[in-house]
Structure formats: C-alpha cells, structure tokens
Amino acid sequence: MLVVQSTIAQQYNFVNYTINNGLPNSNVLSVLQDSRGFLWIGTETGLASFNGESWQTHYKSLKIKPVPIYDIFEDHDNSIWFAAGKNGVYRYNGKNTLKLYNDSINIISICQDASGNILFASKNKGLYKLKNKYAQSEENQMIKANILQNFRDITIFHTINDKDGNIWLGTNKGLLKYDGISIEEFNLSNGLPHNKVTKVFEDNLGRIWFCTPRGVVKYDFDKFQVFTQQNGLTSNQINTVSQDATGVIWLGGESGIDLFDGEKFQHLSVQNGLIDEHINVLKLDNSGNVWIGSEFGGISMFPGYAFARYSTEDGLISNQIFAIEIDTQNNIYIGGLNGANIIAENKIKPLNLKK
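In the numbering used here, the protein residues as written are -19 to 335.
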C-alpha cells in the first residue's frame, strides 16, 4: 500500500556552484559520476570535474575546448567520453585526451554495445561508430553504423545500455533494440501508442519502460503494456522514469508524479507536498531517497514517503532543474538553469578551486 504524508522539510546545507566557484558556465547540460567517484559536469562552454573537495576545469589539463558538452559516458575500460555536438567527441583514458571529430555530425549521446564498440548518436543523422573498435588516433574517424541504414531522417532522443549489453534507442521512428549484430524495431505497427520515444528506462527486473506523447509503455519480455490516462496515468506526457528501493515505479511528467506498485497507481501533486508538478528528472540516492527536479519550483526530496521541499528560498541556485547525480558519499549534485548545487546533509564541504 502506498502512503503519502507531508512533513516539515529536513534541514540541509546548500553550497552553490557557479562560474565564480569554477564551473565553466552556469547552464549545466550533462552530469556523470565515474567509477572512481569523480563528478563530471558538462556545460554550455566546457567541462569541469569535482573530486569531493575541489573543482577543476579542463581547457588545459585535458585539452578540451570551451564548447558545449551534451553527454558524458564511461566505457567498459573506464575511459570517459564527452559528446560536444558539432565540435566533436573527446575521450579521456585517465592519462591522455584524444579528440575524434566529423564536422558534419552533431553528436549528442554516446553508448557502447556488447562487443565493446563505441556508438555515437547524432541528433538528426542516426547512429555512428568508430571505424576501428578502439580509438587510437584522430585519424580513427567515425563511420555511419550500418545497423540504421534502413532508417532515413532518424532523430535519436535517448539511449541506454541494458543489463544484457543491448542498446535501446528512443527515436522519432519508434523504439530500437540493438544487440551488437542486428536491430529490432518497435513502433505503431507492433504495439506502440506513438512512434516518438523520448525516454527509456530499465527496471530492476530487466523490463524496459519508455515514454511517448501518448503514454508510457512497459516492455515485459516480449509483451507490451500501455499505460495512459484511461487506465491510471494522470497525464500521458511523461518525461522521466525511475524506480525506488521497494520496487515502485516513479513516473514524472507534466502533471506531477504517478507511482505504480505493479497493480495500481497513486498520484502525487502539490497537495501531497510536491514543490512543482512539472517534473524533469528523478534520481534515487544511496539511502533510498528520491530526488525530484522540477521545471519551475526547484527540488523535492522524498524520504520514506514524506516530502521535503527545496527551492531558491532554501538556497538552490535555480528552481529550473535539469540533472541530478548522487556520489558514493551520498552527496546530491543538482544541475540547473544558473549553475549547480551540492546538498550534503549536516555538513558543508570546503571548496578549494584549482585552475
């Protein structure tokens, strides 16, 4: 049974991060915590990393230009890749930085298939991969991945790797599953309510959830189940999917949050304590708390089914939140319109900027 109750906000200490503290730019586009615990933040004008104590920008150290960083990805060998749109792709192996680029490709997302091939999602030109499996030099250029050769004018919105090594792509042509050899297509003709798939998520049981303009679909081992306003959703427009420690699915959209326990839905709104009902991002931390980034209100944190709410009045740098990441120490990093925050319970960590 899902029970929701309001509570007084728990006292957290906010530390604001802006260009004055070391961020290249206050518009945060991407966030990744790597396997070593370092937090990488991509902004409109470059890259920064945080080791838990200090920020570092990387114009000189990693030779990464002050360009937009749209996606950050860690591969199986623990190399970090940075997608810089029309400005190319960078790879950092812990020692050296290599730039790969193609002026005609606008790379916005990076993933890796089961065979270890690095794949690059272009905003409007499909999927690319390295000519050779491993990047060794700038001459090792990207080539068009033939797995999408039958898809013209494809737009890729989101990619994930599942537990079995498959790659799932949300596109304007439907949902695509790539196993490293062949591609499987899901669209209106075989069960989807709409061909536009904007977000993909794998739950703890390996089921794939994906968002469309006409509801959310659960792909349960060769069987589709469509959720809409007609059978439980408050809104068909869902922006983000997550799962809490109890297995409950969280669906954040234009009208608040819908919780699904496998049998029934329960809706959460401002009446339950949400700070805003336009939800952009959901993130589960190491203690099982759910952090909710909204479009206009800021952050809501949900500990044990009771809301604690945070906004600019509490110290957030912005109420418009795009990304949330949690490190191994359970510090909460929040990327918003005007910069980034770190939330550390009952502790403010010292900031020593290194340039």
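By construction, the Cβ of each residue, glycine as well, lies at the ideal position given by its N, Cα and C atoms.
The model shown is predicted, which means the values in this text are computed figures rather than measured ones.
With 16 other Cβ atoms within 10 Å as the buried cut-off, status of residue i
{"i": "LYS105", "result": "buried"}
{"i": "PRO48", "result": "buried"}
{"i": "HIS56", "result": "exposed"}
{"i": "LEU27", "result": "buried"}
{"i": "GLN92", "result": "buried"}
{"i": "ILE161", "result": "exposed"}
{"i": "PHE282", "result": "buried"}
{"i": "THR220", "result": "buried"}
{"i": "GLY195", "result": "buried"}
{"i": "THR23", "result": "buried"}
{"i": "GLU243", "result": "exposed"}
{"i": "LEU185", "result": "exposed"}
Given residue i as reference, the closest of the options once Cα atoms are compared
{"i": "ALA388", "options": "ILE136, TYR158, PHE62, LYS45", "result": "Beyond the ends of the chain as shown, which are -19 and 335, falls residue 388; an answer cannot be given."}
{"i": "ASN73", "options": "SER15, GLY150, ALA64, ASN67", "result": "SER15"}
{"i": "GLY316", "options": "ILE44, ALA324, SER291, THR308", "result": "SER291"}
{"i": "GLY272", "options": "ASP238, GLY232, PHE245", "result": "Per the sequence shown, the amino acid found at residue 272 is Ile instead of Gly. Considering only alpha carbons, the answer is GLY232."}
{"i": "PHE204", "options": "PRO173, LYS179, LEU213, ALA225", "result": "PRO173"}
{"i": "SER215", "options": "TRP20, ASP224, SER89, PHE245", "result": "PHE245"}
{"i": "PHE240", "options": "VAL180, LYS198, VAL250, SER274", "result": "LYS198"}
Euclidean distance between Cα positions of residue i and residue j
{"i": "ASN269", "j": "GLY253", "result": "15 Å"}
{"i": "PHE207", "j": "LEU78", "result": "44 Å"}
{"i": "ASN167", "j": "LEU155", "result": "6 Å"}
{"i": "ILE134", "j": "HIS247", "result": "34 Å"}
{"i": "ILE323", "j": "TYR313", "result": "7 Å"}
{"i": "ASN170", "j": "HIS138", "result": "20 Å"}
{"i": "PHE100", "j": "LEU42", "result": "21 Å"}
{"i": "SER102", "j": "TRP189", "result": "22 Å"}
{"i": "GLU182", "j": "LYS263", "result": "14 Å"}
{"i": "ILE297", "j": "ASP202", "result": "44 Å"}
{"i": "LYS75", "j": "SER235", "result": "46 Å"}
{"i": "GLY212", "j": "ASN141", "result": "28 Å"}
{"i": "VAL69", "j": "LEU110", "result": "11 Å"}
{"i": "GLN209", "j": "ILE218", "result": "11 Å"}
{"i": "TRP20", "j": "LEU12", "result": "5 Å"}
Residues bridged to residue i [DSSP beta-bridge criterion]
{"i": "LYS153", "result": "Paired residue(s): none; LYS153 is not in a bridge."}
{"i": "ILE297", "result": "ILE297 is not bridged to any residue."}
{"i": "VAL196", "result": "CYS191, PHE207"}
{"i": "ASN141", "result": "ILE147"}
{"i": "TYR50", "result": "Partner(s): none; TYR50 has no beta bridge."}
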